[in-house]
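S.K.: Counting in my numbering, the sequence shown runs from 23 upward without gaps.
In this text, a Cβ means the ideal position worked out from N, Cα and C, and glycines have one as well.
The structure displayed is predicted, hence computed values, not measured ones.
Quick one: the structure is below, and I'll ask about it shortly.
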Amino acid sequence: MTWFDHALDWMGRHIAGKLTGPSPGYLPFTPSDFAILTRILCPGDVILIEGRDRVSSAIKYLTQSTWSHAALYVGPRFGNDHVLVEVNLGEGCVSAPLSKYARWHTRICRPIGLSPEECRTVADFMVGRIGVQYDLRNIWDMLRYLLPNPPVPVRWRRRMLAFGSGDPTRAICSSLIAEAFETVRHPILPDVEQVKARQGSEFARAEILHIRHHSLYAPRDFDLSPYFQIVKPQLAEGFDPHRLVWAEGASPDEGGL
């Protein structure tokens, strides 16, 4: 590596450090019950996270979404409490404990139609990528995130995630998880192309699903996908509103419990 490459690497890591710093004024939504969350997760589940750092603010703005980060639940296979695999800016692909997000606003997206073996294949793909680092020398890929609310039209914001060399983009977005689901041909948000198909002497309309390139996916796509079920921990094990105890003199719409 030349001195110029070293300089770019240092600058890239410096910018990454700034981007992963806490975002001022962040106020999280109510987190899920951690005990219930631990019990209901299955290998292959995608966990969406409302991030708290500076880059998260930019991603939420660019994607017009609450979610700025995604991790895959792979189960207890590391001999410790690490049950997640995720990709972090500056770190690359790493394992992490679920407790890391115990007090964060999260959402579970569960793939529909996959067998347990296919879910393990998805998890194995992610586990096999642990340790992969991403090149941070192309600082142009990260500079876009230094301005949390870039003044660009809504229709162009999403494209900013895929701009540049791609390495820092993969380090920030959920493209590696999308790539893992490609291994079992599970769609997320496929493009639908209308084509003509001849049946006898008549033409019929047919749909061909085109899997988008994994580098174009953002965390919110798992939330929007018709092929992933939203699992809410508070409801998964049964919820009875009649068992709530309201504070004396408080009406339900005042939020007293």
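1) Once you ignore the five residues that flank E140 on each side, which residues in its own chain have a CB closer than 8 Å to its CB?
2) What are the residues that DSSP puts in a beta bridge with Y156?
3) Which value, in whole angstroms, describes the spacing of the CA atoms of L246 and A92?
4) Residue range of the alpha helix (DSSP H) that C141 falls in?
5) With a threshold of 7 Å on Cβ separation, who are the neighbours of T60 within its own chain once the five nearest residues in sequence on each side are excluded?
6) Bridge partners for N110 per DSSP, in chain order?
7) Measure the CB-CB distance between C115 and R142 and report whether it falls below 8 Å.
8) Tell me whether the beta-carbon of V149 lies closer than 8 Å to the beta-carbon of V96.
9) Out of T24, I62, T52, H264, point me to the one whose CA is closest to W126's CA.
10) Between the Cα of P248 and those of H235, P241, P212, I81, spot the shortest distance and give me the residue it belongs to.
11) How would you call A29, buried or exposed, if buried means at least 16 neighbouring beta carbons within 10 angstroms?
12) Do you know offhand how far Q251's Cα is from P263's?
13) A118 and H104 - do their beta-carbons sit closer together than 8 Å?
14) In the DSSP output, which residue or residues are listed as bridge partners for Q256?
15) Assign R72 to one of two classes, buried (16 or more other C-beta atoms within 10 Å of its C-beta) or exposed (fewer than that).
16) Just how far apart, CA to CA, sit F244 and C131?
17) Could you please give the first and the last residue of the uninterrupted alpha helix (DSSP H) stretch that includes L94?
18) In whole angstroms, what separates the C-alpha of T128 from that of L70?
19) When DSSP builds the beta bridges, which residues end up paired with F250?
20) Between the Cα of L136 and those of V107, R99, A202, spot the shortest distance and give me the residue it belongs to.
21) Taking only three categories from DSSP, how would you classify H104?
22) Report the option in I62, E108, E215, Y239 whose CA atom is closest to the CA atom of K122.
23) Could you give the residue range of the alpha helix (DSSP H) that holds L70?
24) For L94 versus I199, is the C-beta spacing smaller than 8 Å?
M.R.: Looking at the coordinates:
1) G66, V206, H208
2) DSSP links Y156 through a beta bridge to no other residue.
3) So the alpha carbons of these two residues sit roughly 14 Å apart.
4) 138–150
5) In chain order, L120 place their CB closer than 7 Å to the CB of T60, counting only its own chain and leaving out the 5 sequence neighbours on each side.
6) G114
7) No, Cβ-Cβ distance for C115 and R142 is not below 8 Å.
8) The Cβ-Cβ distance between V149 and V96 falls below 8 Å.
9) T52
10) Looking only at H235, P241, P212, I81, the smallest Cα-Cα distance to P248 is reached by P212.
11) exposed
12) 23 Å
13) yes
14) BP columns for Q256 are empty, so no partner.
15) First, the amino acid is wrong: residue 72 is Glu here, not Arg. E72 is buried by the Cβ-count criterion.
16) Those two C-alpha atoms are separated by around 6 Å.
17) Segment 91–95 is the beta strand (DSSP E) holding L94; no alpha helix (DSSP H) there.
18) 5 Å
19) P133
20) A202
21) Note: H104 maps to strand in three-state DSSP.
22) E108
23) No alpha helix (DSSP H) holds L70; the beta strand (DSSP E) holding it covers 68–71.
24) In this structure, I199 lies closer than 8 Å to L94 by Cβ.
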